[in-house]
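Visitor: When we follow our numbering, the leftmost residue of the sequence shown carries the number 13, and every step to the right adds one.
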Amino acid sequence: MGQKKNVDMSMDETEVKVVEAATENVTEDGAEKKPAKKTTLKKKIRSQKYQAVRSQVNKTRLYDPLSAVDLVKKLSYSSFDGTIVAHLVLGDKFQGERVDIQFPHSTGKNITVAIADEKVLAKVKDGKIDFDILLATPNMMPQLAKLAKILGPKGLMPNPKQGTLTDKPKDKKKELESGKITIRSERKAPLMHIMIGNTKMETKELVENLQTLITTLKDKIVRISLAATMSPGIKVAVEK
């Protein structure tokens, strides 16, 4: 009787696995597949100044409006008067939200409002646009339609949703120039970035503007933070 031999199959199994793995990288026509490129996200490197002021913020704390405004002004390190912006996250169903608001104090941004007439439209046709908002009556729409390619991309085309197409443009102009504006969230996300003033304004005025914003959007806000042009963000408490 012959002796039974123990055969080590580990090498064969390894070779089979290697062959199988190799075939996964080959297309049907025998060409070798190119390995997929890996996307590497580069971490944003903050300046030493930013890191220094950021260390003074309690990351886990929700600051009341007064404390938040005080801290933003204190930590702003720009050499100019920085713009102070409230960054809001709204509930998912408020994507594309549009709301009218009138701040009690100027945000520091002067708005120029024009009412469409023959003279204004002639300037637009020549590419001279010296206004931020254009108002018009419905009977001006045929003439405005001819300038849609100029006004549309700039977001200046009057329309009823924004209240810029109205039978009473003079009344609307007074309203807008007094500080009443329409704020809106991003089209594809429930986010808002609203300017409430700048770092040279009185703290009391900034707080009142911020509180007006919170009151207007109170039931829609998920979270809110405040930041100057050059400052870290400060989380703000919102009472429900």
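Idealized CB from N, CA, C, for every residue including glycine. As the structure is a computational prediction, the values presented were derived from the model and not from experiment.
(1) Is it buried or exposed for F92, if we count other Cβ within 10 angstroms and need 16 for buried?
(2) Report yes or no: do the region 122 to 129 and the region 142 to 155 share at least 3 C-beta pairs separated by less than 8 Å?
(3) Nearest CA to the CA of T95: which residue from Q107, K121, R73, L188?
(4) Going by CA-CA distance only, name the one from R196, Q68, D82 that's closest to K212.
(5) Return yes when the Cβ of L159 is within less than 8 Å of the Cβ of V132, no when it is not.
(6) Beta strand (DSSP E) containing V97: first to last residue?
(7) With 16 as the cutoff for other CB atoms within 10 Å, does S197 come out buried or exposed?
(8) State the Cα-Cα distance for the pair V111 and S237, rounded to the nearest angstrom.
(9) So what does DSSP say about N210, is it helix, strand or coil?
(10) DSSP three-state label for V132, please.
(11) Note down the Cα distance separating G164 from V69, rounded to an integer number of angstroms.
(12) Within this structure, are the beta carbons of L156 and P170 separated by less than 8 Å?
(13) If you reduce the DSSP assignment to three classes, tell me which class L168 lands in.
Guide: In terms of the structure at hand:
(1) exposed
(2) yes
(3) K121
(4) D82
(5) no
(6) 95 to 102
(7) buried
(8) 19 Å
(9) strand
(10) helix
(11) 42 Å
(12) yes
(13) coil
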